[in-house]
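Quick note, the sequences are listed as chains A and B, same order. Read in order, the letters of the first sequence correspond to residues 33 to 382 in the numbering used here. Read in order, the letters of the second sequence correspond to residues 33 to 382 in the numbering used here.
2 protein chains.
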Amino acid sequence: MATMQDVARRAQVSLSTVSYALSGTRPVSDATRRRIEDAMADLGYQPNAMARGLASRRSNVLALIYPAMEKGLGGTVAEFVSSAADTARENGYHLVLWPFRTTQASEVRDLVRQGMADGVLLMEVALDDDRVDVLHEAGVPYTMIGRTRDVTDRPSVDIDFGRTTDDAVGHLVDLGHRHIALVNHSQATVEDGYAPTFRAEEGFDAAMRARGLEPLSLRVDESPEAGRTAVGRLLDAEPRLTALVTMNEIATFGVVAELQQRGIAIPGDMSILSIVTSPGVGAMSNPPLTTMHAPGAELGRLGVQKLLSLVDGSRPSTPNVLIPCALEPGSSVAPATHGDGRPDGGLPAR
Amino acid sequence: MATMQDVARRAQVSLSTVSYALSGTRPVSDATRRRIEDAMADLGYQPNAMARGLASRRSNVLALIYPAMEKGLGGTVAEFVSSAADTARENGYHLVLWPFRTTQASEVRDLVRQGMADGVLLMEVALDDDRVDVLHEAGVPYTMIGRTRDVTDRPSVDIDFGRTTDDAVGHLVDLGHRHIALVNHSQATVEDGYAPTFRAEEGFDAAMRARGLEPLSLRVDESPEAGRTAVGRLLDAEPRLTALVTMNEIATFGVVAELQQRGIAIPGDMSILSIVTSPGVGAMSNPPLTTMHAPGAELGRLGVQKLLSLVDGSRPSTPNVLIPCALEPGSSVAPATHGDGRPDGGLPAR
DNA sequence: GCGTTTCGACGAAGCGCTTCGACGGCGCTT
DNA sequence: AAGCGCCGTCGAAGCGCTTCGTCGAAACGC
Numbered sequence: 033m034a035t036m037q038d039v040a041r042r043a044q045v046s047l048s049t050v051s052y053a054l055s056g057t058r059p060v061s062d063a064t065r066r067r068i069e070d071a072m073a074d075l076g077y078q079p080n081a082m083a084r085g086l087a088s089r090r091s092n093v094l095a096l097i098y099p100a101m102e103k104g105l106g107g108t109v110a111e112f113v114s115s116a117a118d119t120a121r122e123n124g125y126h127l128v129l130w131p132f133r134t135t136q137a138s139e140v141r142d143l144v145r146q147g148m149a150d151g152v153l154l155m156e157v158a159l160d161d162d163r164v165d166v167l168h169e170a171g172v173p174y175t176m177i178g179r180t181r182d183v184t185d186r187p188s189v190d191i192d193f194g195r196t197t198d199d200a201v202g203h204l205v206d207l208g209h210r211h212i213a214l215v216n217h218s219q220a221t222v223e224d225g226y227a228p229t230f231r232a233e234e235g236f237d238a239a240m241r242a243r244g245l246e247p248l249s250l251r252v253d254e255s256p257e258a259g260r261t262a263v264g265r266l267l268d269a270e271p272r273l274t275a276l277v278t279m280n281e282i283a284t285f286g287v288v289a290e291l292q293q294r295g296i297a298i299p300g301d302m303s304i305l306s307i308v309t310s311p312g313v314g315a316m317s318n319p320p321l322t323t324m325h326a327p328g329a330e331l332g333r334l335g336v337q338k339l340l341s342l343v344d345g346s347r348p349s350t351p352n353v354l355i356p357c358a359l360e361p362g363s364s365v366a367p368a369t370h371g372d373g374r375p376d377g378g379l380p381a382r
Numbered sequence: 033m034a035t036m037q038d039v040a041r042r043a044q045v046s047l048s049t050v051s052y053a054l055s056g057t058r059p060v061s062d063a064t065r066r067r068i069e070d071a072m073a074d075l076g077y078q079p080n081a082m083a084r085g086l087a088s089r090r091s092n093v094l095a096l097i098y099p100a101m102e103k104g105l106g107g108t109v110a111e112f113v114s115s116a117a118d119t120a121r122e123n124g125y126h127l128v129l130w131p132f133r134t135t136q137a138s139e140v141r142d143l144v145r146q147g148m149a150d151g152v153l154l155m156e157v158a159l160d161d162d163r164v165d166v167l168h169e170a171g172v173p174y175t176m177i178g179r180t181r182d183v184t185d186r187p188s189v190d191i192d193f194g195r196t197t198d199d200a201v202g203h204l205v206d207l208g209h210r211h212i213a214l215v216n217h218s219q220a221t222v223e224d225g226y227a228p229t230f231r232a233e234e235g236f237d238a239a240m241r242a243r244g245l246e247p248l249s250l251r252v253d254e255s256p257e258a259g260r261t262a263v264g265r266l267l268d269a270e271p272r273l274t275a276l277v278t279m280n281e282i283a284t285f286g287v288v289a290e291l292q293q294r295g296i297a298i299p300g301d302m303s304i305l306s307i308v309t310s311p312g313v314g315a316m317s318n319p320p321l322t323t324m325h326a327p328g329a330e331l332g333r334l335g336v337q338k339l340l341s342l343v344d345g346s347r348p349s350t351p352n353v354l355i356p357c358a359l360e361p362g363s364s365v366a367p368a369t370h371g372d373g374r375p376d377g378g379l380p381a382r
């Protein structure tokens, strides 16, 4: 493998001049630059990443601490990872995968100290997350995807659960629905401090109350069976239910199956709006679900950009961003009826 | 950040002794080793990855060239990536993501020359793939997930499509089915040189012929609509069809929807066996699909292990491995009937 | 015409580690 | 008692690059 020294010899210049020509840190005359470029091309020269990293104290590597991917298929996660890797690549960085859960803060610290990564992207942040503290103390640039409980002064990008749930409820209410329930993620996720479960619940409740409606929600395990059971429990609690907001992909399929088995038509008798889901998942249902897509790719891109702005202070640091999910029409949402085919009445007085 | 020199000073030994204590390359007395370990613990020392890499010419990084993830949700892919990252981590390696398609062979070569990775894992290899040639010529250790057309002397791990399709057909034939069709991936994947489409078709045809049955298969676009259309075309071609082998997740959902709409019961009138699919996808259907799960996690683990055995020649190099998909019972496969509820007859003479 | 900038290029000192050759002291043999 | 080998340790030479200080020569001012 050709070294910079080889290039220098061939171009009849000193090693340092080659370095300056490559980095542009100091001016190099056009004639010299051309000779150097020719030499590099002839030799197929590529700078050695390790040497560069050692000398410059910059590895050009970003680390992505990503979730265990145990629950669910991770369509959004895959989308996110892919987009983050692309964006890193476009900016001359590598993306390395660090599979660490919330409890492995010390492993994260050790790895960070090895100087392998210039910055860290942290996915699926828990409400209280030691990994974030470790990164903060270590002084490594980092960006959270998601947010801890208290997010002041901690760089992050996240889904805007408030707006997403409000948009979802608003959409259904506009169609005349008044009795709407949320099929949320499981109690287990809550105990793990999984933030989306909290934020969706809060957002849904707020959105309902803001419209003078009574929120009803259930934490449901991530399984089709749990989804089936949930249907019964929800209908017992509120028989007048005409719409469901679901943010639990696996359970949603159980919900759909159970409704169909009970002869409750989708969307005739019951509308289903699946939120924070991944592209393609809605299409797998019959009828195809109306969904609100999680902005996985966008978060990946913005997360990396934000992180890079911290890594090389040159770029201006952007404020924290929240992105709502986007409504994608399907065939599982329709105007509300009273069960007799007549559209529901107007809004109650607020 | 503490350096090895700091540790040496604190432990009252020379720099090189610390290095030997850490690597075990040369013997170090117990007393000295203890002093060094104490010093490292006191200082919270972690060896610098770049310096180590430069001096040893080993980065402890493996690169994963992964597919664009455009088509489909990539459940299997996510599983694979996750398992590969875990296995790398367990062996003290980092996994970096290199998003490059088949056409970007020169980018791959440049990156390899930068010495960032000690080895390369190549996913979704096409039947003819320049990236493989580039890696071969560069002399970098690599392992393919999947296989090029000619696989002799090229390290790889892959799904055993032959056994998977044979198991699938065998399972259905054991249940009395005689008229079985394959819903394959699209013509577009064939044109991209996507190997699984070929290998599944070959395997299915062979499995059918080996049992004296006439193979019937269709290349179907990756969309529910295409799946719906396929049903009509297949039934036109062979009205006596009682079972479908599908290896196109998205299309499968269309197939199921169309069958149900036509009043063809699953599995009463038509059995569906979804092969090379990812865990959880089957559960999303109603009834839950009987599937043959792609061994994503296993391939990830074996791929990394194989690659590592090439990277540090110490481990013995294993022969190439093919792993079949495993049958996971669901509710979409049942014994064949003649449409009148009676089981089908025995096997025809071979 | 000579001092003073300015520009472009050079040499050398690291970055923090691995690894090779060497060497002192110990226990053993003869 | 002298010689030998071996174990544990040390010093120094890089690995391939970045970056700082410097310096010669061309360009400029008065």
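Glycine included, every Cβ here is placed at the ideal spot set by N, Cα and C. Just so it is clear, the structure is predicted and the values come from calculations on it, not from any experiment.
Chain B contact for A:Val252 (CB, 9 Å cutoff)
No, because no Cβ of chain B sits closer than 9 Å to the Cβ of A:Val252.
With the cut-off set at 9 Å, would you say B:Met316 and B:Ala200 are in Cβ contact?
No, Cβ-Cβ distance for B:Met316 and B:Ala200 is not below 9 Å.
Does B:Phe236 get closer than 9 Å to chain A when you measure Cβ to Cβ?
At a cut-off of 9 Å between beta carbons, B:Phe236 makes no contact with chain A.
C-beta contact flag for B:Gly286 and B:Thr261 at 9 Å
Result yes, Cβ atoms of B:Gly286 and B:Thr261 sit closer than 9 Å.
Could you check the C-alpha separation between A:Gly104 and B:Gly312 for me, to the nearest Å?
Confidence in A:Gly104 is poor, its pLDDT being 46 and thus under 50, which makes the residue's placement too unreliable to answer from.
By Cβ distance, which residues of its chain are closer than 6 Å to A:Leu214, with the 5 residues on each side in sequence left out?
Hits under 6 Å: Phe236, Ser249 and Val277.
So, using beta-carbon positions, are A:Val157 and A:Thr135 closer together than 9 Å?
No.
Is the Cβ of A:Gln37 closer than 9 Å to any Cβ of chain B?
No, A:Gln37 lies away from the interface with chain B (no Cβ there is under 9 Å from its Cβ).
Does any C-beta atom of chain A lie closer than 9 Å to the C-beta of B:Met148?
Taking Cβ atoms only, chain A reaches closer than 9 Å to B:Met148, which makes this a yes.
Kindly say whether B:Tyr174, judged by its beta-carbon, lies nearer than 9 Å to any beta-carbon of chain A.
False, the Cβ-Cβ gap to chain A never drops below 9 Å.
Any idea what DSSP makes of B:Glu156, helix, strand or coil?
Residue state, collapsed to three classes: coil.
CB of B:Thr197 within 9 Å of CB of B:Ala239, strictly
Yes, they are a contact pair.
Alpha-carbon to alpha-carbon, B:Pro99 and B:Ser117
Note that residue 117 of chain B is Ala in the sequence shown here, rather than Ser. For B:Ala117 and B:Pro99, the distance between alpha carbons rounds to 16 Å.
Report the partner residues of A:Ile97 according to the DSSP bridge assignment.
A:Ile97 pairs with A:Trp130 and A:Leu154.
With the cut-off set at 9 Å, would you say B:Val166 and B:Val183 are in Cβ contact?
For B:Val166 and B:Val183, no; Cβs fall outside 9 Å.
Return helix, strand or coil for B:Leu54, following the three-state DSSP convention.
B:Leu54: helix per DSSP, three-state reduction.
Is B:Val288 close to chain A? Criterion is C-beta to C-beta, closer than 9 Å.
Interface residue, yes.
Every unbroken beta strand (DSSP E) within the segment 266-324 of chain B, with a cutoff of 3 residues, ordered by chain:
Counting only runs of 3 or more, we get 275-278 and 303-309.
Under 8 Å: do the segment 284-300 of chain B and the segment 68-78 of chain B share three or more Cβ pairs, one atom per stretch?
Note that the segment 284-300 of chain B does not touch the segment 68-78 of chain B; fewer than 3 beta-carbon pairs, one per stretch, sit closer than 8 Å.
Excluding the five sequence neighbours on either side, which residues of its own chain have a C-beta within less than 6 Å of the C-beta of B:Asp161, listed in chain order?
Excluding residues within five positions, the ones whose Cβ falls inside 6 Å are Thr134 and Thr180.
Using CA coordinates, which residue listed in B:Arg163, B:Ala83 and B:Leu159 is at the minimum distance from B:Pro228?
The option with the nearest alpha carbon to B:Pro228 is B:Leu159.
Ordered along the chain, which non-local residues of its own chain (more than five positions away) have a Cβ less than 8 Å from that of B:His168?
So the qualifying residues of the chain are Tyr174 and Arg186.
Assign A:Ala213 to one of three DSSP states: helix, strand, or coil.
DSSP places A:Ala213 in strand when its eight states are reduced to three.
Chain B contact residues for A:Arg163, given Cβ-Cβ distances below 9 Å
Here the premise fails: no neighbours, minimum Cβ distance about 15 Å.
Unbroken alpha helix (DSSP H) run spanning B:Arg163, endpoints
B:Arg163: member of the alpha helix (DSSP H) spanning Asp162 to Ala170, first to last residue.
Is B:Asp118 close to chain A? Criterion is C-beta to C-beta, closer than 9 Å.
At least one beta carbon of chain A lies nearer than 9 Å to the beta carbon of B:Asp118.
Nearest neighbour of B:Ala120, chosen from B:Leu339, B:Ala358 and B:Pro361 [CA to CA]
With distances taken between Cα atoms, B:Ala120 lies closest to B:Leu339.
Where A:Met240 falls: helix, strand or coil (DSSP):
Correct three-state label for A:Met240: helix.
If we ignore side chains and look at the alpha-carbon of each, how far apart do A:Gln292 and A:Ala326 end up?
Roughly 26 Å between the two C-alpha positions.
Output the boundary residues of the alpha helix (DSSP H) element that contains B:Arg251.
Not the alpha helix (DSSP H): B:Arg251 falls in the beta strand (DSSP E), residues Leu248 to Arg251.
Taking B:Gly244 as the reference, which of B:Val205, B:Arg272, B:Ser306 and B:Val164 has the closest Cα?
When only C-alpha atoms are compared, the closest one is B:Val205.
Taking Cβ positions, are A:Gly85 and A:Ala34 nearer each other than 9 Å?
Not in contact: A:Gly85 and A:Ala34 (Cβ atoms no closer than 9 Å).
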